[in-house]
Amino acid sequence: MKALAVYPEEKDLRLVSIPEPRLDSPEQVLIHPLEVGICGTDRDIVSFEFGTPPQGLEYLVLGHETIGEVVEVGRNVEGFRKGDLVVPTVRRPCPDPSCIPCQTHQSDMCFTGRFTERGIRSASGYLTELIVDHPAFLARIPRELRSVAVLVEPLTVTEKALKELDEVQSRLPWQCPPGTPGGRYGCRSALVLGAGPVGFLAAISLTHLGMKTYLASRNPPDDPKIQVLLDAGIGYFCSAVKTPQEIAAAIGNIDIIFEAAGSSQLSFEYLPVLGINGIYIMTGVPGPGNRVTIDGDDVMRRLVLNNQVILGVVNANIDAFRRAVHHLALLSEQYPETVQALISTRAPMEDFSQYLTQKRRGEIKTVLTL
Ligand SMILES: [Zn+2]
Ligand SMILES: [Zn+2]
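First residue of the sequence shown: 3, per our numbering; consecutive thereafter.
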C-alpha cells in the first residue's frame, strides 16, 4: 500500500509502497485514514530537524493529525464497529511500569521521556492507506463532523490548556456570578500570539467562552485569513507594526496570553504585558539556538507583584481528544463558516511536495486526502 515516508539518513521524502498492516491481536482496530492535516511539526520533520523512524526501519511514515474510518475490528473490541469514524491520539505510553502518567492514560505527562509519537517519534504515522490501533487511543467522531474532524488533534492543545487554565485560575478567591463572560473566574480578555491553526482554534475557543479575544501575528491585515478571524468577532493586531505595549494599551488588563507562534523572541517580548492575576500559556516548540535577552528583574517583579503564572502545555491525552470532539461540535454550530474556513486547502496525498515544504499566503490548515 501507498505511504508518504521520510528517510532521515538519506535526507529524502517520497511516496513508497509498504506492507499492509494486519490485526495481530483480537484487541486491535484496522483504520483507513481519510485525511491528514499538515503542521509545523511535519515541516520540521521533512527538513530533517527531527523525526525518528520506528526501531528497525529506515523510514518514518509521516502524519499525526487524521480522521479515519474503521474497516475491521478484532473480536474482543467493544464500542467500535466497521464504518465508525475515529481520530487517533499521537503520543503513546513509555514502557516503564513505574511511570504513573503513562500507566494511567496520561502519556502527555510522561516522566521518562521514552514515549513514542505516531508520525513523529519512533512510531509510524497516518499518511498511508491502513493503520492498526488500539481502542484506548481512539476518539469517536460523529458523522456530521466528518468534514472538520481533522482539526480535532490541533484543537486538543487548546483543550488541554483550557482545562489547566481552569484549574490554575481556581486559585482566584472570588466567585463570579454564573453567566459572567469568561467563566466563573472572570477572565475577560485574551490575546493569542500566532496565526496558525492552533492559534486560530485557541482564539475561537476563548471567544466561545465569552472572553474578548484578540490575535496578534506578523501577517499583514489584508492577508485573506485574517478576515476569517474578524468574521468570528476576534480582534486583530499586526505585530509587525504595533509593539506589545501598544497592543496592551488598546486591550486593557490582559488576563490570558496564549502563545502559539513557536518563537521564544516573540513570547518573551509579550511577557511584560501580561495583566494582573494573568496566566501566560506557551504551546510553541522553538528550535534550538535563538538566545533572547530579557530584563530579569522586571520579569520577576511582575510575576510576583501581579500573581502571574507561566504554563507550558504539550500534546494531549485521550480525554482531551474526547473533549475536543465535543467542543468542535459546539464551535461548528456557533461559527460554522469560520470552522470550515480553517481548512484552507485540500489536496491529494500524491501532491505532497507542493504543500509540505513551504507555507502559502492565506494558508491556515492544509489537508492531504487519501
Ligand atoms: Zn501537528
Ligand atoms: Zn512515561
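We treat Cβ as the ideally placed atom computed from N, Cα and C, and that holds for glycine.
Since the structure is predicted, the reported quantities are computational estimates derived from the model, not experimental observations.
8 Å contact criterion, which residue i and residue j should meet: CB distance rounded
i, j, result
"V48", "L15", "5 Å"
"I258", "A205", "Rounded, the Cβ-Cβ distance is 11 Å, inconsistent with contact."
"I278", "V311", "Not a contact, Cβ separation roughly 12 Å."
"V88", "I143", "6 Å"
"I40", "T368", "5 Å"
"V38", "L129", "5 Å"
"G65", "G127", "4 Å"
"E71", "I33", "7 Å"
"A163", "T340", "Contact doesn't hold; Cβ gap of about 20 Å is too wide."
"L330", "L157", "6 Å"
"I320", "F139", "6 Å"
Whole-angstrom distance between residue j and residue i, CA atom to CA atom
i, j, result
"N221", "V31", "42 Å"
"S355", "G291", "28 Å"
"L17", "A251", "51 Å"
"R293", "L147", "42 Å"
"E161", "A326", "6 Å"
"M3", "I133", "11 Å"
"P103", "V159", "18 Å"
"G201", "E261", "8 Å"
"A218", "Y337", "20 Å"
"A318", "I69", "16 Å"
"G53", "L276", "34 Å"
"S1", "A7", "Here the chain comprises residues numbered 3 to 372, so residue 1 is not present and cannot be evaluated."
"Y357", "G42", "12 Å"
"P288", "R145", "36 Å"
"G212", "E29", "42 Å"
"H190", "L167", "The displayed chain sequence assigns Arg, not His, to residue 190. One C-alpha to the other measures close to 13 Å."
"Q267", "P199", "20 Å"
"G196", "D26", "43 Å"
Span of the beta strand (DSSP E), counted from its first residue to its last, around residue i
i, result
"R120", "118-120"
"I33", "31-40"
"S191", "191-195"
"L372", "No beta strand (DSSP E) contains L372, which DSSP labels as neither H nor E."
"L153", "From DSSP, L153 is part of no beta strand (DSSP E); its letter is neither H nor E."
"I283", "281-284"
"I143", "140-143"
"P350", "345-350"
"L15", "14-19"
"S219", "214-219"
"Y9", "4-9"
"V134", "133-135"
Near ligand 1: residue i beta-carbon under 7 Å from a heavy atom
i, result
"C112", "no"
"E67", "yes"
"P35", "no"
"P288", "no"
"E155", "yes"
"C41", "yes"
Start-to-end residues for the alpha helix (DSSP H) that takes in residue i
i, result
"C104", "102-105"
"L1", "With the chain covering 3 to 372 only, the question about residue 1 has no answer from this structure."
"S207", "199-210"
"A318", "Looking at the DSSP string, A318 is not in any alpha helix (DSSP H), and its letter there is neither H nor E."
"Y357", "354-358"
Contact test: residue i Cβ vs ligand 2 heavy atom, cutoff 7 Å
i, result
"P103", "yes"
"P99", "no"
"S109", "yes"
"F117", "yes"
"P95", "yes"
Short CB-CB distance (under 8 Å) between residue i and chain D
i, result
"C104", "In the structure shown, chain D cannot be found, because there is only a single protein chain."
Any alpha helix (DSSP H) of 4 or more consecutive residues that is wholly inside the region 32-95: 42-48
I'd like the ranges of any alpha helix (DSSP H) spanning at least 4 consecutive residues and lying wholly in the region 232-275. 246-253, 266-272
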